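Only one structure is covered here, and it is reproduced in the block below.
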Amino acid sequence: MSTTTTRPVEAYQAKDYKSELKPIWCPGCGDFGVVQAIYRALAAVGRPPHEIAFVSGIGCSSRIPGYTTAYGFNSVHGRALPIAQGIKLANPGLLVLVAGGDGDGFSIGGGHVAHAVRRNMDLTYIVMDNQIYGLTKGQLSPTSKRGLTTVSSTYGSLEDPVNPLLYVLGYGAPYIAQGTPADMEGLAAIIEEGIRYPGFAFINVQSPCVTYGLPESQLKAQKEIMQSLKQLGHDPSNRLKAMDLAQEYGTRLYTGVFYKNPSPPPTYDAGVRERHAALKGTGLARESILQMFVPH
Numbered sequence: 068m069s070t071t072t073t074r075p076v077e078a079y080q081a082k083d084y085k086s087e088l089k090p091i092w093c094p095g096c097g098d099f100g101v102v103q104a105i106y107r108a109l110a111a112v113g114r115p116p117h118e119i120a121f122v123s124g125i126g127c128s129s130r131i132p133g134y135t136t137a138y139g140f141n142s143v144h145g146r147a148l149p150i151a152q153g154i155k156l157a158n159p160g161l162l163v164l165v166a167g168g169d170g171d172g173f174s175i176g177g178g179h180v181a182h183a184v185r186r187n188m189d190l191t192y193i194v195m196d197n198q199i200y201g202l203t204k205g206q207l208s209p210t211s212k213r214g215l216t217t218v219s220s221t222y223g224s225l226e227d228p229v230n231p232l233l234y235v236l237g238y239g240a241p242y243i244a245q246g247t248p249a250d251m252e253g254l255a256a257i258i259e260e261g262i263r264y265p266g267f268a269f270i271n272v273q274s275p276c277v278t279y280g281l282p283e284s285q286l287k288a289q290k291e292i293m294q295s296l297k298q299l300g301h302d303p304s305n306r307l308k309a310m311d312l313a314q315e316y317g318t319r320l321y322t323g324v325f326y327k328n329p330s331p332p333p334t335y336d337a338g339v340r341e342r343h344a345a346l347k348g349t350g351l352a353r354e355s356i357l358q359m360f361v362p363h
């Protein structure tokens with residue numbers, strides 16, 4: 068990740084990343100806390116807004132790019148990750164963040180997660196996971212628990228929920244963390260650490276939906292049940308232990324870093340730059356390529 072700035076790091080404050088647009092989430096939505104944590108994390112990293120690109124899909128959480136002063140791209144449902152990868156390849160010097168919800172990331176966009184992980188591009192993917200489709204009035208999402216009754220499952224869901232933490236651990240993501248707006252300091256810290264990590268960083272945020280979410284998922288309840296992985300003595304370099312802890316998704320609320328590869332693997336974007344450098348000057352001239360298609 069490039070660290071070029073136009074002024075000293077300490078000169079940037081959270082307010083420098085806050086746009087003039089007013090969020091239109093429901094009062095009390097957890098996403099208010101998430102965007103504030105993002106402001107704090109960006110201020111700590113110290114990159115100027117014009118060196119940051121924020122990409123999102125569709126959903127309540129996907130409004131976040133518009134609430135920042137960074138470059139923003141609100142894409143189509145489930146396609147934030149491939150667009151973010153294209154941006155990173157086109158301009159490797161940019162700090163690229165991706166925002167989405169559990170539906171955007173693990174339903175229609177689920178097929179892109181595995182490939183973003185295996186390429187290990189230097190992106191930070193922040194998923195606001197509230198176990199419901201909030202923007203479209205409370206249908207089941209991929210992370211909704213079995214038996215949940217909603218407008219789209221009046222007799223209760225017959226499906227087991229997707230486990231986002233276990234998914235990305237299984238795919239091999241090098242940085243995986245979970246937080247909640249109930250712990251703003253901790254949430255800002257893991258987002259900052261994810262941004263600084265040289266590779267694909269996945270941050271699952273338990274961001275409650277106050278309109279359609281369950282009572283036990285709200286901030287007050289989260290404060291009572293959340294457990295800090297650091298305080299529990301978890302070693303984030305232990306991937307197998309991280310997988311054991313991740314299996315308790317939906318039954319326990321662990322916060323902090325589940326896994327952080329202590330030996331960051333090479334990133335795809337770095338490999339592309341090296342390949343370009345190695346092949347520079349070996350390609351055919353443009354005129355020669357065009358000549359190949361001239362009929363003789």
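Here this note's numbering is used: the first residue of the sequence shown is 68, the next is one more, and so on. Note that the Cβ used here is the ideal one computed from N, Cα and C, for glycine as well. Owing to the predicted nature of the structure, the values given are computational and were not obtained by experimental measurement.
Cβ pair residue i, residue j closer than 8 Å
i       : j       : result
Thr-86  : Tyr-134 : According to the sequence provided, residue 86 is Ser. The question's Thr does not apply to it. Yes, Cβ-Cβ distance for Ser-86 and Tyr-134 is below 8 Å.
Leu-233 : Tyr-316 : yes
Val-272 : Asp-336 : no
Phe-267 : Asn-158 : no
Ser-123 : Pro-132 : yes
Thr-322 : Gly-246 : yes
Val-143 : Ile-125 : yes
Ile-257 : Val-165 : no
Ile-292 : Leu-320 : yes
Glu-226 : Gly-160 : no
Ile-270 : Tyr-192 : yes
Val-163 : Val-235 : no
Gln-206 : Ser-284 : no
Val-194 : Pro-231 : yes
Gly-97  : Ser-295 : no
Leu-156 : Val-277 : no
Residues bridged to residue i [DSSP beta-bridge criterion]
i       : result
Gly-323 : Gln-245
Thr-217 : Ser-220
Val-122 : Phe-140, Val-165
Thr-203 : Beta-bridge pairing links Thr-203 to no other residue.
Gln-294 : Tyr-321
Tyr-316 : Arg-319
Ala-268 : Thr-191, Tyr-242
Thr-135 : Lys-85
Coarse secondary structure for residue i, derived from DSSP in three states
i       : result
Met-195 : strand
Ser-69  : Note on Ser-69: pLDDT 45, under 50, position unreliable in the model; no value is reported.
Gly-261 : helix
Tyr-79  : coil
Ala-240 : coil
Leu-281 : coil
Lys-308 : helix
Lys-287 : helix
Lys-85  : strand
Met-251 : helix
Val-112 : helix
Candidates the options: closest to residue i by CA position
i       : options                            : result
Gly-95  : Pro-248, Ser-219, Gln-294          : Pro-248
Lys-290 : Met-310, Ser-304, Glu-252          : Glu-252
Trp-92  : Met-293, Ala-104, Cys-127          : Cys-127
Ala-147 : Thr-136, Arg-130, Gly-160          : Arg-130
Gly-223 : Ser-174, Lys-212, Tyr-84           : Lys-212
Tyr-79  : Val-101, Thr-136, Pro-90           : Thr-136
Val-218 : Tyr-279, His-182, Ala-255, Ala-181 : Tyr-279
Ala-255 : Tyr-84, Gly-100, Leu-215, Ala-345  : Gly-100
Thr-216 : Ser-274, His-182, Leu-281, Val-235 : Leu-281
Asn-141 : Ile-356, Thr-221, Met-359, Phe-121 : Phe-121
Ser-174 : Gln-152, Thr-210, Ser-220, Arg-185 : Thr-210
Asp-250 : Lys-89, Asp-302, Leu-286           : Leu-286
Pro-332 : Met-310, Val-184, Asn-305, Gly-145 : Val-184
Closer than 7 Å: residue i CB and nearest the ligand NAD heavy atom
i       : result
Lys-155 : Because no ligand of any kind appears in the structure shown, any question about the ligand NAD cannot be addressed here.
(message) Can you confirm whether the segment 194-212 touches the segment 160-179 when touching is taken to mean that 3 or more C-beta pairs between the two stretches lie within less than 8 Å?
(response) yes
(message) Counting beta carbon pairs with one atom in the segment 257-267 and one in the segment 101-112, are three or more of them shorter than 8 Å?
(response) yes
(message) Check whether the segment 320-340 and the segment 237-245 are in contact - that is, three or more C-beta pairs closer than 8 Å.
(response) Segment contact: the segment 320-340 against the segment 237-245, three or more CB-CB distances shorter than 8 Å; contact assigned.
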